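J.:
In the UniProt record's numbering, the protein residues as written are 1 to 200.
1) For residue 12, which of helix, strand or coil comes out of DSSP?
2) What's the gap between the Cα of residue 23 and the Cα of residue 63?
3) To the nearest angstrom, how far is the alpha carbon of residue 168 from that of residue 52?
4) Could you check whether the segment 96-103 touches the segment 38-49, counting it as contact only if at least three pairs of C-beta atoms, one from each stretch, sit closer than 8 Å?
5) With DSSP as the reference, label residue 7 as helix, strand or coil.
6) If I measure Cβ to Cβ from residue 12 and keep anything under 7 Å in the same chain, skipping five residues before and after, which residues do I get?
7) Please report how far the alpha carbon of residue 7 lies from the alpha carbon of residue 148, in whole angstroms.
8) Should residue 46 go down as buried or exposed, given a rule of 16 or more other Cβ atoms within 10 Å for buried?
9) Residues in the same chain with beta-carbon distance under 7 Å from residue 125, minus the five sequence neighbours each way, listed in chain order, please.
10) Hey, could you find the ends of the alpha helix (DSSP H) residue 98 is sitting in?
11) Hey, residue 116 and residue 87: beta-carbon distance below 8 Å or not?
12) So, with DSSP's three-state summary, where would you put residue 32?
13) With distances taken between CB atoms, is the gap from residue 92 to residue 139 smaller than 8 Å?
14) For residue 34, collect the residues of the same chain with a Cβ closer than 6 Å to its Cβ; drop the 5 residues on either side in sequence, then sort them by chain order.
15) Starting from the N-terminal side, write out each stretch of the beta strand (DSSP E) that is 3 residues or longer and does not extend beyond the segment 107-161.
16) Expressed to the nearest angstrom, what Euclidean distance is found between the alpha-carbon atoms of residue 49 and residue 164?
17) In angstroms with no decimal places, state the Cα-to-Cα distance between residue 58 and residue 120.
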């Protein structure tokens, strides 16, 4: 069950939902409009190996805005710190943004209960589009849950800027696991690779 805009406002007041800074004029019938931060990242050219950290270049959106080149991925951030320990957050582009031929997420719109931070949004434009820092670019929604709640505590927690993918951390192995075991009757346990958790 999705929360109405009025209920989102109530839950922000009670502390069950975090939206900071909170602008009452950005409340919609069943969502909240969030804004584009001035900081962005782009991946450097070359093959992206998911087992290795990929270098990025920082970009800054000045007063004149920034023109997105078609079919290039930009990692941007929300101005707002958002999340909840009670409700599931999901986000989408404003329809006015989508009608320009721009995506703000490629396949990762679902957040986790317990994530509190600035959200990394994945910008991909079909056309050359000029964007401006501070513009309303997307909308956050909150959903009631059924069942026991296990709070998110993953590798993107507390984000204060756009984060590039940290999927390479899922493949990290303790050094001992890579070496042959000494002669012993005790079997060597396989190193664990934790589940991938995608938030923003």
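We put the beta carbon where it would ideally sit given N, CA and C, even for glycine. Since we're looking at a predicted model, the values are computed, not measured.
T.: A quick look at the data gives this:
1) Translated into positions along the chain shown, residue 12 becomes position 12. Residue 12: helix per DSSP, three-state reduction.
2) By one-based count along the chain shown, residue 23 stands at place 23. By one-based count along the chain shown, residue 63 stands at place 63. Cα to Cα, the separation comes out at about 22 Å.
3) Here residue 168 refers to the residue found at position 168 when the chain shown is read from its first residue. Here residue 52 refers to the residue found at position 52 when the chain shown is read from its first residue. Approximately 5 Å between the Cα atoms of the pair.
4) no
5) If you number the chain shown from 1, residue 7 lands on position 7. Residue state, collapsed to three classes: helix.
6) As a working mapping, residue 12 is identified with position 12 in the chain shown. So the list reads 19 and 22, once near-sequence residues are dropped.
7) Here the question's residue 7 lines up with position 7 in the chain shown. Here the question's residue 148 lines up with position 148 in the chain shown. Near 22 Å, if we compare the C-alpha coordinates of residue 148 and residue 7.
8) Against the chain shown, residue 46 aligns to sequence position 46. That one is exposed.
9) Stepping through the chain shown from its first residue, residue 125 is reached at position 125. Cβ within range, chain order: 68, 70, 101 and 102.
10) Translated into the one-based positions of the chain shown, residue 98 becomes position 98. First-last of the alpha helix (DSSP H) with residue 98: 95-98.
11) Start at 1 with the first residue of the chain shown, and residue 116 comes out as number 116. Start at 1 with the first residue of the chain shown, and residue 87 comes out as number 87. No. Outside cutoff.
12) For the purposes of this step, residue 32 is identified with residue 32 of the chain shown, where counting begins at 1. Reduced to three states, the DSSP call for residue 32 is strand.
13) Translated into positions along the chain shown, residue 92 becomes position 92. Translated into positions along the chain shown, residue 139 becomes position 139. Yes; because the gap between Cβ atoms is below 8 Å, this pair is in contact.
14) On the chain shown, position 34 is the one that residue 34 refers to. Taken in chain order, the residues that qualify are 78, 80, 138 and 140.
15) 116-125, 129-131 and 136-143
16) On the chain shown, position 49 is the one that residue 49 refers to. On the chain shown, position 164 is the one that residue 164 refers to. Their Cα atoms are separated by approximately 13 Å.
17) If you number the chain shown from 1, residue 58 lands on position 58. If you number the chain shown from 1, residue 120 lands on position 120. The alpha-carbon atoms of residue 58 and residue 120 are separated by roughly 14 Å.
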